[in-house]
Amino acid sequence: LAHKAMAEGVVVADQIAGLAVEPINFALIPSVIYTQPEVAWVGENEASLKAAGRVFNKGNSLFAGNGRALALGQEGGRCTLYSDKHTDRVLGGAIVGPQASELINEIALAMTFSASGEDIACAIHAHPTLSEVIHEAAMALNNKALHG
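At position 51 of the sequence shown (counting the first as 1) the number is 260 in my numbering, and the numbers step up by one without a gap.
Right under this line is the structure:
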């Protein structure tokens with residue numbers, strides 16, 4: 210993971226320079242498998258949340274309901290988000306589909322700033338874009354999905 214190594218290098222350089230540093234939160238580092246379709250994830254998944262006894266919401270959105278994916282002829286796959294049942298804070302997400310490696314960063318950013326599913330749902334996403342699959346999954350976290 211070159212992006213993980215880069216983040217670690219910045220922390221080490223800052224420490225050597227005597228600067229105050231925050232430890233890296235490894236749960237916020239996205240993972241990507243560059244297959245066709247791409248697979249990407251960040252944070253918790255359903256199995257880890259269940260194993261930890263966490264109470265959570267799960268929101269899904271299929272690329273089959275995404276206008277841009279349909280136009281590209283790449284409608285296979287989905288986005289899944291997980292949020293805390295009580296606070297709605299985004300705990301993790303996974304994407305299987307076109308440009309998953311690019312899209313996962315929106316979820317990582319949301320998690321970095323402790324965003325809720327509602328925060329993502331309130332952000333207006335351009336149409337038609339693949340990123341709308343994340344928006345729709347965020348809406349599904351609170352049973353407000355439009356296309357699923």
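Ideal placement from N, C-alpha and C gives every residue a C-beta, glycine not left out.
Nearest-angstrom Cα separation, counted from residue j out to residue i
i	j	result
G268	T244	24 Å
S240	S257	16 Å
H212	G218	10 Å
T321	A280	32 Å
Sequence-distant residues of the same chain with beta carbon closer than 6 Å to residue i, five excluded per side
i	result
I329	A319, A347
Sub-8 Å separation of residue i and residue j beta-carbons
i	j	result
G249	I304	A small fix is needed here, since residue 249 is Ala in this sequence, not Gly. Yes.
N254	G326	no
A278	L228	no
E345	S270	yes
I316	V342	no
G376	A236	The displayed coordinates of the chain run from 210 to 357. Any statement about residue 376 would go beyond what the structure contains.
F272	P232	no
Residues near residue i by beta carbon distance below 8 Å, same chain, minus five either side
i	result
N295	Looking at the sequence provided, one finds His at residue 295 rather than Asn. Result list for H295: V264, in chain order.
I238	L210, H212, K213, A216, V251, A317
Residue-chain proximity (residue i, chain D), Cβ-Cβ < 8 Å
i	result
N266	Here there is only one protein chain, and chain D is not present.
Same chain, Cβ closer than 7 Å to residue i, five either side skipped, listed in chain order
i	result
N234	none
Exercise. Counting pairs of Cβ atoms below 8 Å between the region 220–234 and the region 277–292, do you hit three or more?
Worked result: Judged by Cβ distances under 8 Å, the region 220–234 makes no contact with the region 277–292, as fewer than three pairs qualify.
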